[in-house]
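>
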Amino acid sequence: MRLSSFFMPTMKETPAEAQIVSHRFMLRAGMVRQSSAGIYSWLPLGFRVLKKIEQIVREEQDAAGCQELLMPTIQPAEIWRESGRYDDYGQEMLRISDRHDRDMLYGPTNEEQITQIFRDNAKSYRDLPKLLYHIQWKFRDEIRPRFGVMRGREFLMKDSYSFDLDYAAARRSYNKMFVAYLRTFSRMGLKAIPMQADTGPIGGDLSHEFIILAETGESEIACDKAFLDMDWLGEETDYESDLQPTVDSFTAKYAATDEKRDADQEKALGDRLAVARGIEVGHIFYFGTKYSKAMNAVVTGPEGEEIPLEMGSYGIGVSRLVAGIIEASHDENGIIWPESVAPFKVGLINLKSGDEACDKACDGLYGDLLKAGVEVLYDDRSGRAGVKFADMDLIGLPWQLVVGPRGLKDGIVELKNRATGERQELSPEAAMAKLTA
Ligand code: 5CA
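Each residue of the sequence shown is one higher than the one before, starting from 0 at the first, in numbering that gives the first Met the number 0.
(1) So what does Trp-398 bridge to, in DSSP terms?
(2) If Phe-154 sits next to Ser-318, beta carbons under 8 Å apart, how far is it from one beta carbon to the other, in whole angstroms?
(3) Please tell me whether Arg-57 has its Cβ less than 8 Å away from any Cβ of chain B.
(4) Taking its Cβ as the centre, do 16 or more other Cβ atoms sit within 10 Å of Phe-6, making it buried, or is it exposed?
(5) What does a CB cutoff of less than 7 Å around Gly-203 pick up in its chain, not counting 5 residues either side in sequence?
(6) Is Met-187 near Asp-140, with beta carbons less than 8 Å apart?
(7) Any heavy atom of the ligand 5CA closer than 7 Å to the CB of Tyr-105?
(8) So, Val-48 versus Pro-342, is the Cβ gap smaller than 8 Å?
(9) Considering Asp-165, what are the terminal residues of the beta strand (DSSP E) in which it resides?
(10) Report the three-state DSSP secondary structure of Gly-314 (helix, strand or coil).
(11) Does the stretch 351 to 367 come close enough to the stretch 392 to 410 to have 3 or more Cβ pairs within less than 8 Å?
(12) Grab the span of the alpha helix (DSSP H) containing Glu-77 for me, first residue to last.
(13) Please classify Ile-73: is it buried, with 16 or more other beta-carbons within 10 angstroms of its beta-carbon, or exposed?
(14) Quick check on DSSP: helix, strand or coil for Pro-307?
(15) Taking 7 Å as the cut-off, does the CB of Phe-154 come closer than this to any heavy atom belonging to the ligand GTP?
(16) Looking at the structure shown, is Glu-374 part of a helix, part of a strand, or coil, going by DSSP?
(17) Report whether the distance from the Cβ of Tyr-313 to the nearest heavy atom of the ligand 5CA is below 7 Å.
(18) Determine contact between the stretch 163 to 171 and the stretch 62 to 72, defined as no fewer than three beta-carbon pairs at a distance below 8 Å.
(19) Is any non-hydrogen atom of the ligand 5CA found closer than 7 Å to the C-beta of Glu-91, if you look at the structure I gave you?
(20) Counting C-beta neighbours from all protein chains within 10 Å, is the total for Val-386 16 or more, i.e. buried, or is it exposed?
(21) Could you check the C-alpha separation between Ala-221 and Leu-131 for me, to the nearest Å?
(22) I want to check one thing, is the minimum distance from the CB of Gly-277 to the heavy atoms of the ligand 5CA below 7 Å?
(23) Straight-line CA distance for Phe-162 to Cys-357?
(24) Select from Phe-184, Ala-267, Tyr-124 the residue whose C-alpha is nearest the C-alpha of Lys-224.
(25) From the DSSP output, read off the bridge partner residues of Ala-322.
(26) Where does Asp-390 fall in DSSP's three states?
(27) Beta strand (DSSP E) containing Gln-423: first to last residue?
(28) Run through the DSSP bridge pairs and tell me what Ser-218 is partnered with.
(29) Give me the residue from Ala-296, Asn-416, Asp-100 with the minimum Cα distance to Ser-82.
(30) Where DSSP assigns a beta bridge to Trp-336, which residues make up the other side?
(31) Determine the DSSP secondary structure at Met-149, reduced to helix, strand or coil.
(32) Among residues of its own chain, excluding the 5 on either side of Lys-129, which ones have a beta-carbon nearer than 6 Å to its beta-carbon?
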């Protein structure tokens, strides 16, 4: 992509309404623009990151045996009356009526919708187990939408739902999602610590929040410092093996959200206790038969008896993650994207657009990078070098390839690593070899 034609409205000044660093950088880098309170448009740069995150989430869900489908954003009130949550949900739910005066709502989550689909289409224990997910926009009319996409009213969520015959099987599904979450966040360069959590309006009795530590996090948490040096599941996972030992190795250590803190355990930890702030990027729930009993979602068992489905639900805040990753990875000049979610891998900077040698070298590198399948943003604008450097640091691409008239005379370009700040002078061929390795 050539920056001269890319729609990336950057800003030099810090927008007054942005209180946390991710919100400031997302506005300044031209990633999002607010439409109304807690509702955002995703501009091309931000949208590319959102899609990258979504794709990692998708790949890890698929690897865990979860199947993707797509449910609507607008749901009928009727199914929420069946579950009993229509009245409970209160003002957070955006209620709509259609032209026939039928009560509808913009889904804040999809337990009812998926239970209805499953109830109407799966009849036998042979249809189990099943894990289903979708990645869809949600709406919650939060009292205090704030911090940009971190706590929005409209936000993108990945939500999965598990259907099993009994507790042991439901626990296996829960464990699959638990492990898939560790893998998902670690691919984004995040250490998301699983913590015992309250179940809130979703309900149930087993639940973990996945929380990344950040000073600007909304919730206070406490955990064993050992989490900070733990190995975060690099290699492949065999999802058909017994995952309980892996899950236990994480849950055995103390980690709790504010509502679940335990004074005795914290005292016992002594120096190993860390109290910090965190951002909830995922939340998983086992709630047994709460929805299946209320909505009469049953299958027939081997003896012909009716068995209510054992269920769980599993959420990831896809749009929140964009901000969460920035909170975890930035410096005073801007964002530092982990390569896995970066909008482009390389920023190619032409220090003197219009100069014949610079244009020729840059056009050549740009073409070669594209041909090699490397995502590159080419700053071909005329203008001062300082502005180009500042913009590139702000948008945080992992590599900056800098081409200027002086270096070119000696056959040299500069390659800068955004994360470490390390600069290397090398031939264009050597730079290409590094970027396409
Ligand atoms: N039905 C369950 C699991 S699918 C559920 O809705 N869980 S949740 O309420 O915890 O939401 C799942 C994830 O969505 C959260 O962990 C959080 O990362 C994200 N999320 C929740 N509310 C918001 C919000 N207002 N803005 C941005 N992300 C949010």
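Glycine included, every Cβ here is placed at the ideal spot set by N, Cα and C.
Values in this document were obtained by computation on a predicted structure and should not be read as measured data.
On the basis of the coordinates in this document:
(1) Val-345, Asn-416
(2) 5 Å
(3) Although the question refers to chain B, the structure presented lacks it and comprises just one protein chain.
(4) exposed
(5) Phe-284, Tyr-285, Phe-286, Gly-287, Lys-289
(6) no
(7) no
(8) yes
(9) Per DSSP, Asp-165 belongs to no beta strand (DSSP E) and is neither H nor E.
(10) strand
(11) yes
(12) 76 to 82
(13) exposed
(14) strand
(15) This structure lacks the ligand GTP; the ligands present are the ligand 5CA.
(16) coil
(17) yes
(18) no
(19) no
(20) exposed
(21) 32 Å
(22) no
(23) 60 Å
(24) Ala-267
(25) Answer is none; Ala-322 lacks a bridge partner.
(26) helix
(27) 422 to 425
(28) Gly-277
(29) Ala-296
(30) The partner list for Trp-336 (beta bridge, DSSP) is empty, contrary to what the question assumes.
(31) helix
(32) Phe-162
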